[in-house]
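Q: This structure is in structure tokens; I'll ask about it shortly.
There are 2 protein chains.
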Amino acid sequence: MIFKLALFNANDCIKIMLKKRITIKDLARELGYAPSTISRALNNHPGISKKTKEEVQKAVKKLGYTQNSIASNFRKNTMLSIGIIVPRIGIHFHSLVISGIEEMAYMRKYNVTIFQSQDSLDREKEIAKILQTKMVDGIIVCLALETNNYDHFNQLKDNKVPVVFYDRVPENYEASKIVINDYQSAYKATEHLISSGCKRIAHISGNPEVSIYKERLKGYKAALVKHNIPLDEKLIEYTKDLNYDEGVYSAKKFLNLEHKPDGIFCANDYTAVSTIQVFKKANYSIPGDISVVGFSNYPISRIIEPTLTTINDRAFEMGQAAANLLIRQIEEKSEIISSETVVLETELIIRDSSKSFNSHK
Amino acid sequence: MIFKLALFNANDCIKIMLKKRITIKDLARELGYAPSTISRALNNHPGISKKTKEEVQKAVKKLGYTQNSIASNFRKNTMLSIGIIVPRIGIHFHSLVISGIEEMAYMRKYNVTIFQSQDSLDREKEIAKILQTKMVDGIIVCLALETNNYDHFNQLKDNKVPVVFYDRVPENYEASKIVINDYQSAYKATEHLISSGCKRIAHISGNPEVSIYKERLKGYKAALVKHNIPLDEKLIEYTKDLNYDEGVYSAKKFLNLEHKPDGIFCANDYTAVSTIQVFKKANYSIPGDISVVGFSNYPISRIIEPTLTTINDRAFEMGQAAANLLIRQIEEKSEIISSETVVLETELIIRDSSKSFNSHK
DNA sequence: TTTTATTATGCAAACGTTTGCATAGTTTAA
DNA sequence: TTAAACTATGCAAACGTTTGCATAATAAAA
Chain E
1 MIFKLALFNA NDCIKIMLKK RITIKDLARE LGYAPSTISR ALNNHPGISK KTKEEVQKAV
61 KKLGYTQNSI ASNFRKNTML SIGIIVPRIG IHFHSLVISG IEEMAYMRKY NVTIFQSQDS
121 LDREKEIAKI LQTKMVDGII VCLALETNNY DHFNQLKDNK VPVVFYDRVP ENYEASKIVI
181 NDYQSAYKAT EHLISSGCKR IAHISGNPEV SIYKERLKGY KAALVKHNIP LDEKLIEYTK
241 DLNYDEGVYS AKKFLNLEHK PDGIFCANDY TAVSTIQVFK KANYSIPGDI SVVGFSNYPI
301 SRIIEPTLTT INDRAFEMGQ AAANLLIRQI EEKSEIISSE TVVLETELII RDSSKSFNSH
361 K
Chain Z
1 MIFKLALFNA NDCIKIMLKK RITIKDLARE LGYAPSTISR ALNNHPGISK KTKEEVQKAV
61 KKLGYTQNSI ASNFRKNTML SIGIIVPRIG IHFHSLVISG IEEMAYMRKY NVTIFQSQDS
121 LDREKEIAKI LQTKMVDGII VCLALETNNY DHFNQLKDNK VPVVFYDRVP ENYEASKIVI
181 NDYQSAYKAT EHLISSGCKR IAHISGNPEV SIYKERLKGY KAALVKHNIP LDEKLIEYTK
241 DLNYDEGVYS AKKFLNLEHK PDGIFCANDY TAVSTIQVFK KANYSIPGDI SVVGFSNYPI
301 SRIIEPTLTT INDRAFEMGQ AAANLLIRQI EEKSEIISSE TVVLETELII RDSSKSFNSH
361 K
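In the order they appear, the protein sequences are chains E and Z.
The first sequence: position 330 = 330 (the working numbering), numbered continuously.
The second sequence: position 289 = 289 (the working numbering), numbered continuously.
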């Protein structure tokens, strides 16, 4: 033990005994180099000889040096870090997006700090304030349900922190956005119902103040109009946040109509699932009597009986795309942050809750 | 315009024009105070007069100052940040835990940085290396499936970075842990099947090398033994990671047994759901012919028909508890980091996939 | 041999904030 | 009136790393 300790100089001994962190200076003292040389050696700078680099690596192991990345980030004035503001992490869609973001960020050596707005505008503002303190190099946001104005993101813009929005994105606000084409997707879903023989198609909508639900509603209507099917407001149910119970409620209303629908396009899978269950319980056959199409391709859509025809909303890819775009903007460092909108292609996944194109008579 | 600009001094003008960040020094110059005074004013230090604090706040607004928290963290040698290593964010259980962590952390002014190990030991090691560079003040980990040795956490220990494990925790390794009592929970679940009249109870297990699944298996066996029901290895199916398809496979094997089970305890809800579906498809009535109990209380357990009796594994609370314990350890700063294990109480949620205590004859 | 490149290293400042100690000014107590 | 206490502020160092510039040492070219 004494022999082992003798290999260290007095100062290092003290550091080790006090469990102080070993710094570059300690390595410098140990090896008789200047701190700058150590720094360059650690960063594999070309001007440092191979021999020295090896010496340094050996000393790193010996003294147990780990970089103080706060100091490094401070000096380099970059965090290699991106922030996410998400309504709720527990919602499957968002957790998939976050997963995609993390995956892409990790590859590019960035790390990812998450915040939940809990769908509250106030909290979103608070978080925006926290994030503009140079804590992150860029931010990815899905707006809170409550959010109807975007001033709190201006400060970030002013400080040249790039922001990329996804899914619930601000309207009439210059910013980078990653979205799917909700209009087009809803159109596609509705058209699928039409072409599989449905004549009276209902829609369970989210809050139409929120742009994505507004677009889905529009797409639904456009498909009907295109195929000369009259719109009927009784066939549209508006919900607050498209949860399971609201789906039950809406489906029951459809069930009680004198002239019942033979197809329902739901703005998400939760309501689609509850719709299926309500109609099954009322002894309707799906898709025999009524077809149901959802939106999002949640895991449950493959499990519910019948399995649910739905739109794959590409959550994971959305996260990847958001991280990708954000990091590009961070690293561009041009004077003006460019605004770019990426629209991801969705796909209609046809399962058993709707008749397939071929099977309709 | 000129008048407005005249309110700024020359230096500030340059800063603003170049869009350089405003610092404490700029505020100091603007107001004729020392930077230290500004710093104290901003941090609401008692030694600074109210008048000065107000002046400073006014200048902050005027010049648009935001703190450089990298610098601040650097100087204070703390990040107010906790890291999470999680197998996969997209798994609902983990996203709930993360949600709980974020919630607690946010209240305590910490932020949360997430990493996915993708259930890979190598990646877990890599992340541990990244995290020990003083990037975070403490770490919360759920081990990767592959992980069978814990040396990569020793470096963290050496650098006095507290670590709290949850759910999949290391065995025979001194560390803080947040767990549920898997043994007890499985015992409870199995006993419920017994007391609702089942005589032949099967089990779908996860990988029994993983401690939580080993414990669930043990609990299952113990309940049988306690109630004098003979163990039968044919009634136990081992899976790799308890996914839906493995559940289907296992359930079919049970279905093909000459002497079929009348109750199945599944180590998670996915396999329970597939079990229900397999038996339903084979025209078994649930819970009439066979009862099924799951584990985790996933959202799907309330939707599947029949709704699934399961164990509430308290994911959100687990996250809260982990963050709580970790932050306490961070702030204790005692010389030795204490190891503490918190066992959360689970509850059996009885739904329609098993007969209730009262209804069994 | 002298000049010019080339290579390897060191010096010292800088990044923005915080903080222990010092000090000037003011009030209170003796 | 002087000492003591308190208030408000300033000075300067410190945190650990990086980096532009300078320099010493060596090798190559003239």
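All C-beta atoms, glycine included, are put in the ideal place defined by N, C-alpha and C.
Bear in mind the structure is a predicted one, so any value in this text is a computation, not a measurement.
(1) I'd like to know whether the C-beta atoms of Ile337 (chain Z) and Pro162 (chain Z) end up nearer to each other than 8 Å.
(2) Cβ closer than 8 Å: which chain E residues qualify as neighbours of Gln116 (chain Z)?
(3) Taking Thr133 (chain E) as the query, report the chain Z residues whose CB atoms sit under 9 Å from its CB, ordered along the chain.
(4) Where Asn324 (chain Z) and His45 (chain Z) are concerned, what is the direct C-alpha to C-alpha distance, given to the nearest angstrom?
(5) Evaluate Asp151 (chain Z) with the Cβ neighbour count: other Cβ atoms within 10 Å of its Cβ, from every protein chain shown; 16 or more gives buried, anything less gives exposed.
(6) For the stretch 146 to 166 of chain Z, which residues have a CB atom closer than 8 Å to at least one CB atom of chain E, in sequence order?
(7) Within this structure, are the beta carbons of Ser274 (chain Z) and Gly247 (chain Z) separated by less than 8 Å?
(8) Measure the C-alpha to C-alpha separation of Glu331 (chain Z) and Met79 (chain Z) and round it to an integer number of angstroms.
(9) State yes or no: is the C-beta of His192 (chain Z) nearer than 7 Å to some heavy atom of the ligand ATP?
(10) Mind listing, in chain order, the continuous beta strand (DSSP E) runs of no fewer than 3 residues lying wholly within the stretch 59 to 93 of chain Z?
(11) Could you tell me the distance, in whole angstroms, from the CA atom of Asn268 (chain Z) to the CA atom of Tyr244 (chain Z)?
(12) Taking the C-alpha atoms as reference points, what is the distance between Ile286 (chain E) and Arg200 (chain E)?
(13) So that I know if they touch, is there some Cβ in chain E lying closer than 8 Å to that of Ser196 (chain Z)?
(14) Which word fits Gly100 (chain E), buried or exposed, when buried means at least 16 other C-beta atoms lie within 10 angstroms of its C-beta?
(15) Who are the Cβ neighbours of Lys355 (chain Z) in its own chain at under 8 Å, not counting the five residues just before and after it?
(16) Consult DSSP for Lys365 (chain E) and reduce its assignment to one of helix, strand or coil.
(17) Pairing CB atoms from the stretch 25 to 34 of chain Z with CB atoms from the stretch 98 to 113 of chain E, are three or more of them under 8 Å?
(18) Using the Cα positions of Asn172 (chain E) and Leu344 (chain E), report the straight-line distance between them to the nearest angstrom.
(19) Please work out which residues of its chain come closer than 6 Å, Cβ to Cβ, to Ser185 (chain Z), disregarding the five sequence neighbours upstream and downstream, and give them in chain order.
(20) Measuring straight from C-alpha to C-alpha, what distance separates Lys361 (chain Z) and Ile236 (chain Z)?
(21) At least one CB of chain E closer than 8 Å to the CB of Ser339 (chain Z): is that the case?
(22) CB Thr66 (chain Z) to CB Gln132 (chain E), shorter than 8 Å?
(23) Excluding sequence positions up to five away, which residues of its chain have a Cβ less than 6 Å from the Cβ of Arg40 (chain Z)?
(24) Helix, strand or coil for Tyr106 (chain Z) per DSSP?
(25) Locate the beta strand (DSSP E) running through Ala202 (chain Z), then write down its first and last residues.
(26) Leaving out five residues before and five after Leu7 (chain E) in sequence, what residues of the same chain have Cβ atoms less than 7 Å from its Cβ?
(27) Using DSSP with H/G/I as helix, E/B as strand and the rest coil, what is Ile350 (chain E)?
(28) Please check the pair Ile212 (chain E) and Asp182 (chain E), which I expect to be a contact at CB under 8 Å, by giving their CB distance rounded to whole angstroms.
(29) Which of helix, strand or coil does DSSP assign to Val264 (chain E)?
(30) How would you list, in chain order, the residues of chain E whose beta-carbon sits under 7 Å from the beta-carbon of Thr113 (chain Z)?
(31) Spatial neighbours of Tyr270 (chain E) within its chain, please: C-beta separation below 7 Å, excluding the five flanking residues on both sides.
(32) Taking 8 Å as the cut-off, does the stretch 296 to 314 of chain E touch the stretch 142 to 158 of chain E (at least 3 CB pairs, one atom from each stretch)?
(33) Would you mind listing the beta strand (DSSP E) stretches within the stretch 198 to 246 of chain E that are 3+ residues and don't spill past its ends, in chain order?
(34) Only counting the same chain, and skipping five residues up and downstream in sequence, which positions put a Cβ closer than 8 Å to that of Arg351 (chain E)?
(35) Using the C-alpha atoms, what's the distance from Thr113 (chain Z) back to Asn159 (chain E)?
(36) Going by C-alpha to C-alpha distance, which of Z:Pro299, Z:Asn207 and Z:Tyr187 sits closest to Glu146 (chain Z)?
A: According to the structure data:
(1) As a working mapping, residue 337 (chain Z) is identified with position 337 in the second sequence. As a working mapping, residue 162 (chain Z) is identified with position 162 in the second sequence. Result yes, Cβ atoms of Ile337 (chain Z) and Pro162 (chain Z) sit closer than 8 Å.
(2) Start at 1 with the first residue of the second sequence, and residue 116 (chain Z) comes out as number 116. Those within 8 Å of Gln116 (chain Z) in chain E are Ser99, Glu102, Glu103 and Tyr106.
(3) What you label residue 133 (chain E) is simply residue 133 of the first sequence in a count that begins at 1. Chain Z residues near Thr133 (chain E): Thr66, Gln67, Asn68, Ser69, Ile70 and Ser72.
(4) As a first step, residue 324 (chain Z) must be located in the second sequence, where it is residue number 324. As a first step, residue 45 (chain Z) must be located in the second sequence, where it is residue number 45. Using only the alpha carbons, I get a separation of about 28 Å.
(5) As a first step, residue 151 (chain Z) must be located in the second sequence, where it is residue number 151. With fewer than 16 Cβ atoms within 10 Å of its Cβ, Asp151 (chain Z) is classed as exposed.
(6) Gln155, Asp158, Asn159 and Lys160
(7) The residue given as residue 274 (chain Z) occupies position 274 in the second sequence. The residue given as residue 247 (chain Z) occupies position 247 in the second sequence. Cβ atoms of Ser274 (chain Z) and Gly247 (chain Z): closer than 8 Å.
(8) Position 331 of the second sequence holds residue 331 (chain Z). Position 79 of the second sequence holds residue 79 (chain Z). So the alpha carbons of these two residues sit roughly 12 Å apart.
(9) What this structure holds is no ligand at all, so the ligand ATP is not there to describe.
(10) 81 to 86
(11) One-based indexing of the second sequence puts residue 268 (chain Z) at position 268. One-based indexing of the second sequence puts residue 244 (chain Z) at position 244. Rounded to whole angstroms, Asn268 (chain Z) to Tyr244 (chain Z) spans 10 Å at the Cα level.
(12) For the purposes of this step, residue 286 (chain E) is taken as residue 286 along the first sequence, with counting starting at 1. For the purposes of this step, residue 200 (chain E) is taken as residue 200 along the first sequence, with counting starting at 1. In a straight line, the C-alpha of Ile286 (chain E) is about 15 Å away from that of Arg200 (chain E).
(13) Residue numbering aside, residue 196 (chain Z) sits at position 196 when the second sequence is read from its first letter. No, its Cβ sits nowhere closer than 8 Å to a Cβ of chain E.
(14) On the first sequence, residue 100 (chain E) is found 100 positions in, with the first residue counted as 1. Label assigned to Gly100 (chain E): buried.
(15) Working through the second sequence from its first residue, we reach residue 355 (chain Z) at position 355. Once the five neighbours on either side are set aside, the close Cβ partners of Lys355 (chain Z) are Ser196, Gly197, Pro287 and Ser291.
(16) Because residue 365 (chain E) is not part of the residues shown, which for chain E are 1 to 361, the question remains open.
(17) no
(18) The count along the first sequence starts at 1 and reaches residue 172 (chain E) at position 172. The count along the first sequence starts at 1 and reaches residue 344 (chain E) at position 344. Each residue's alpha carbon lies about 20 Å from the other.
(19) Taking the second sequence and counting its residues from 1, one reaches residue 185 (chain Z) at position 185. Within the same chain, Ser185 (chain Z) has close Cβ partners Ile311 and Thr346.
(20) Walking along the second sequence from the start, residue 361 (chain Z) turns up at place 361. Walking along the second sequence from the start, residue 236 (chain Z) turns up at place 236. Note on Lys361 (chain Z): pLDDT 36, under 50, position unreliable in the model; the coordinate value appears next. Cα to Cα, Lys361 (chain Z) sits roughly 26 Å from Ile236 (chain Z).
(21) Residue 339 (chain Z) sits at position 339 when you count from the first residue of the second sequence. Closer than 8 Å: no.
(22) Position 66 of the second sequence, counted from the start, is the residue given in the question as residue 66 (chain Z). Position 132 of the first sequence, counted from the start, is the residue given in the question as residue 132 (chain E). Yes, they are a contact pair.
(23) Indexing the second sequence from 1 puts residue 40 (chain Z) at position 40. For Arg40 (chain Z), where only same-chain residues beyond five positions count, the Cβ hits under 6 Å are Ile48.
(24) On the second sequence, position 106 is the one that residue 106 (chain Z) refers to. Helix.
(25) Position 202 of the second sequence, counted from the first residue, corresponds to residue 202 (chain Z). Residues Ile201 to Ser205.
(26) For the purposes of this step, residue 7 (chain E) is taken as the residue at position 7 of the first sequence. Here Leu7 (chain E) scores only 44 on pLDDT, less than 50, and its place in the model should not be relied on; the value that follows carries that caveat. None.
(27) Start at 1 with the first residue of the first sequence, and residue 350 (chain E) comes out as number 350. Reduced to three states, the DSSP call for Ile350 (chain E) is coil.
(28) Here residue 212 (chain E) refers to the residue found at position 212 of the first sequence. Here residue 182 (chain E) refers to the residue found at position 182 of the first sequence. 5 Å between Cβ atoms; contact.
(29) As a working note, residue 264 (chain E) is residue 264 in the first sequence. First, the amino acid is wrong: residue 264 (chain E) is Ile here, not Val. Strand.
(30) As a working note, residue 113 (chain Z) is residue 113 in the second sequence. The contacting residues are Asn111, Val112 and Thr113.
(31) Counted from its first residue, the first sequence places residue 270 (chain E) at position 270. Closer than 7 Å at Cβ, skipping near neighbours: Leu242, Asn243, Tyr244 and Gly247.
(32) no
(33) 201 to 205 and 236 to 238
(34) By 1-based counting over the first sequence, the position of residue 351 (chain E) is 351. The residues are Ser301, Arg302, Pro306, Thr307, Leu308, Thr309 and Thr310.
(35) As a working mapping, residue 159 (chain E) is identified with position 159 in the first sequence. As a working mapping, residue 113 (chain Z) is identified with position 113 in the second sequence. Each residue's alpha carbon lies about 22 Å from the other.
(36) Here residue 146 (chain Z) refers to the residue found at position 146 of the second sequence. Minimum Cα distance to Glu146 (chain Z) is reached at Z:Asn207.
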